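Our numbering numbers the first residue of the sequence shown as 3 and each following residue consecutively.
Following: one structure in structure tokens, then a few remarks.
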Amino acid sequence: MPHERFQFTGTGGHQLAAALDTPDGPVKAYALFAHCFTCGKDVLAAKRIAVALAAKGIATLRFDFTGLGSSEGDFANSTFSSNVADLVRAADHLRETRQAPAILIGHSLGGAAILAAAGKIPEAKAVVTVSAPSDPAHVTHLFKDKVDDIRAQGEVEVSLAGRPFRIKRELLDDVAEQNLTAQVTKLHKALLVMHSPTDDTVGIDNATHIFVAAKHPKSFVSLAGADHLLSGKEDAAYVADVIGAWVERYVDLAAPQPVANTSAAPRNVVVQETRNSKLQQIVTSGPHHLLADEPVSVGGQDSGPGPYDFLLTALGACTSMTMRMYADRKSLPVERITVTLQHNKIYAKDCEECETREGMLDQIDRVIKIEGALDADQRKRLMEIADKCPVHKTLTSEVRIVTKAAE
């Protein structure tokens, strides 16, 4: 199976090492995998599950959290909340470079982190936990004899799975503040809980708590005979097989059609609130996903372009594309076209050529830079072509918008 390694920037500014296992054929869906506490992306369970899912057409991204594996940063400075934030950033990276993950999978504490991150990844439709604790504070049981020292000293070295790790008081405080049950209750995504009844690291009662807190659709699969780390190759393969079959009910795994077969008919643009902030929206157009927002000054978080920014983007892109097609058709030596736009409100009385004489008008200032060895007549003709772009014609013609309630 194709295997790609790369880095992306985490929320703390560190470069996080990632691996993406993809199918030999078309990618039917993308999954995001969160590994167990102090493990890494290359732990056997993660690698085996990712490879097995790739064989089913599901590409899986796994990465090392801060200070682990090949990722930058100090593990001691990481917390459960920072791991959740980095999972969201990993989903952002997939959205920006390929496609947002429709499937979220978390093993052990990674399962708790996936549950906490799921609400911030709007495209995710299916969530899977494997041997996950119902309370992130469960992780403190791994070094319970050092908890008092950590609180007293602020930072202490502990031994986990035979390796030394520095644990800070901030981690204890952070996990104590989590309310994972409330987040599970508001999940609103299909949930699969997988757990071994003989898990001696995270007891089966944790699976019960998660399952009871979740709303339907939800499923439970017993991993009878498996240990906590899924060290048995057959156990990891079984987990992947179950996930591959289960997600088909909730995620469209139909192989994407080649671009050449698509029609010229316009496709829907869907804009939906993410509920991660007051105004943030997720914009979907076919396979493309973008965020829309407003500046902080008007109540947004500035996490994406605003509505008028998208309007200007449409006009600018259409202008440049139309000019490029004309230039290529006429074999004009145009090297690059740059369109800079700005939207403002002006007084109608200040516009001599406008029919409206009272109140305010919308004005779009468009500045076009044409690079290349063109003569004056060629430049003049290209500037005339700019006004013939379809979006320009739409904005300057009568537009009818039909609004109705969804059924």
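Built from N, CA and C at the ideal position, the CB exists for glycine as well.
Note that the structure is a prediction, hence the values are computed from the model and not measured.
Same chain, Cβ closer than 7 Å to residue i, five either side skipped, listed in chain order
{"i": "V90", "result": "A119, K122, I123"}
{"i": "Y349", "result": "M362"}
{"i": "A163", "result": "T40"}
{"i": "F213", "result": "V195, K220, F222"}
{"i": "H16", "result": "T68, S73, E74, G75"}
{"i": "V298", "result": "D304"}
{"i": "S80", "result": "F67, T68, G69"}
{"i": "S322", "result": "I339, V341"}
{"i": "E296", "result": "L281, G302, G308"}
{"i": "V160", "result": "F145, K148, F167, I169"}
For residue i, the nearest candidate out of the options (CA to CA)
{"i": "V253", "options": "G12, A104, F67, T200", "result": "A104"}
{"i": "V156", "options": "A31, K351, E172, G42", "result": "Checking the displayed sequence, the identity of residue 156 turns out to be Gly instead of Val. Checked all of A31, K351, E172, G42; the closest Cα to G156 is E172."}
{"i": "G59", "options": "T24, A87, H95, P309", "result": "T24"}
{"i": "G71", "options": "H95, F39, T99", "result": "F39"}
{"i": "T210", "options": "T13, D175, D137", "result": "D137"}
{"i": "L117", "options": "V160, E125, L182, V272", "result": "L182"}
{"i": "E386", "options": "V401, A375, I370", "result": "I370"}
{"i": "H197", "options": "T131, R383, V186", "result": "T131"}
{"i": "A228", "options": "H218, I206, W248", "result": "I206"}
{"i": "A93", "options": "T81, E125, V29", "result": "E125"}
{"i": "V177", "options": "D202, S84, L55", "result": "S84"}
{"i": "A367", "options": "Q380, T405, D311, R338", "result": "Reading off the sequence, residue 367 comes out as Asp, not Ala. It is D311 whose Cα lies nearest to the Cα of D367."}
{"i": "E373", "options": "L334, V53, N208", "result": "L334"}
{"i": "G108", "options": "K148, A48, A57", "result": "A48"}
{"i": "K411", "options": "Y328, V401, T396, K351", "result": "Only positions 3 to 409 of the chain appear in this structure, which leaves residue 411 out of reach."}
{"i": "L46", "options": "S224, E179, D26, V241", "result": "V241"}
{"i": "A184", "options": "L314, V160, D175, K217", "result": "K217"}
{"i": "L418", "options": "R97, E357, L313, K390", "result": "Outside the displayed span of the chain (3 to 409) sits residue 418, for which this structure offers no information."}
{"i": "R165", "options": "L144, H345, R338", "result": "L144"}
{"i": "F61", "options": "S305, R7, Y32, T142", "result": "Per the sequence presented here, residue 61 reads as Ala, with Phe not at that position. The option with the nearest alpha carbon to A61 is Y32."}
{"i": "W248", "options": "L55, R7, T276", "result": "L55"}
{"i": "L313", "options": "R277, F8, Q365, S133", "result": "Q365"}
{"i": "T340", "options": "D379, T324, G27, E355", "result": "T324"}
{"i": "A192", "options": "P309, G14, V129, Q274", "result": "V129"}
{"i": "F10", "options": "T99, R50, E337", "result": "T99"}
{"i": "G42", "options": "L231, L106, D352, S133", "result": "L231"}
{"i": "I51", "options": "V244, H140, T142, A139", "result": "V244"}
{"i": "S399", "options": "A407, K406, K390", "result": "K390"}
{"i": "F82", "options": "K127, D175, R153, K30", "result": "D175"}
Nonlocal neighbours in the same chain, by C-beta distance under 6 Å from residue i, ignoring five residues either side
{"i": "T264", "result": "A caution first: T264 carries a pLDDT of 39, below 50, which makes its placement in the model unreliable, though a value can still be read off. Nothing listed; no residue qualifies."}
{"i": "I403", "result": "none"}
{"i": "V393", "result": "A316, L317, C320"}
{"i": "S8", "result": "The sequence shown places Phe at residue 8, rather than the Ser named in the question. Excluding sequence neighbours, F8 sits near A20."}
{"i": "S287", "result": "V271"}
{"i": "I284", "result": "P124, Q274, T276"}
{"i": "Q380", "result": "L334"}
Supposed close pair residue i, residue j - CB separation, criterion 8 Å
{"i": "S221", "j": "L189", "result": "That belief does not hold up - the Cβ atoms of S221 and L189 are roughly 13 Å apart, past 8 Å."}
{"i": "H37", "j": "R64", "result": "7 Å"}
{"i": "T68", "j": "G12", "result": "6 Å"}
{"i": "A215", "j": "V186", "result": "4 Å"}
{"i": "D66", "j": "A19", "result": "5 Å"}
{"i": "H291", "j": "A87", "result": "Their Cβ separation, rounded to whole angstroms, is 19 Å, which puts H291 and A87 out of contact at 8 Å."}
{"i": "G301", "j": "K280", "result": "6 Å"}
{"i": "A78", "j": "R168", "result": "4 Å"}
Close Cβ partners of residue i (< 8 Å) along its chain, the five nearest in sequence each way excluded
{"i": "A262", "result": "In this prediction, A262 scores a pLDDT of 36, lower than 50, which makes its location untrustworthy; no coordinate-derived value is stated."}
{"i": "A266", "result": "Here the model assigns A266 a pLDDT of 49, short of 50, so the residue's position is not dependable, and the following value carries that caveat. If we look at A266 and ignore the five residues flanking it on each side, it has no Cβ neighbours."}
{"i": "H5", "result": "A21, L22, D23, T24"}
First and last residue of the uninterrupted alpha helix (DSSP H) at residue i
{"i": "E6", "result": "Taken as a continuous stretch (DSSP letters only), E6 belongs to no alpha helix (DSSP H), being part of the beta strand (DSSP E) at 5 to 11."}
{"i": "T324", "result": "309 to 331"}
{"i": "A57", "result": "Looking at the DSSP string, A57 is not in any alpha helix (DSSP H), and its letter there is neither H nor E."}
First through last residue of the beta strand (DSSP E) which encompasses residue i
{"i": "R64", "result": "60 to 65"}
{"i": "L106", "result": "105 to 109"}
{"i": "T396", "result": "Element bounds for T396: not the beta strand (DSSP E) but the alpha helix (DSSP H), 392 to 397."}
{"i": "T286", "result": "283 to 287"}
{"i": "F35", "result": "31 to 36"}
{"i": "K220", "result": "220 to 224"}
{"i": "L96", "result": "It is not in any beta strand (DSSP E) - L96 instead sits in the alpha helix (DSSP H) that spans 82 to 99."}
{"i": "D23", "result": "17 to 23"}
{"i": "A238", "result": "Counting along the chain, A238 falls outside any beta strand (DSSP E), though it belongs to the alpha helix (DSSP H) covering 235 to 248."}
{"i": "E275", "result": "271 to 275"}
{"i": "H230", "result": "Note, H230: premise wrong, no beta strand (DSSP E); not H, not E."}
{"i": "L293", "result": "290 to 294"}
{"i": "V130", "result": "128 to 132"}
Practice problem: Ignoring anything shorter than 3 residues or poking outside the segment 347 to 385, list the beta strand (DSSP E) runs there in chain order. | Solution: Segments of the beta strand (DSSP E) lying fully in the segment 347 to 385: 362 to 374.
Self-check item: Every unbroken beta strand (DSSP E) inside the segment 139 to 174 [3 residues or more]
Solution: Listed in chain order, the complete beta strand (DSSP E) runs (minimum 3 residues) inside the segment 139 to 174 are 157 to 162, 165 to 170.
Exercise. Ignoring anything shorter than 3 residues or poking outside the segment 187 to 211, list the beta strand (DSSP E) runs there in chain order.
Key: 192 to 197
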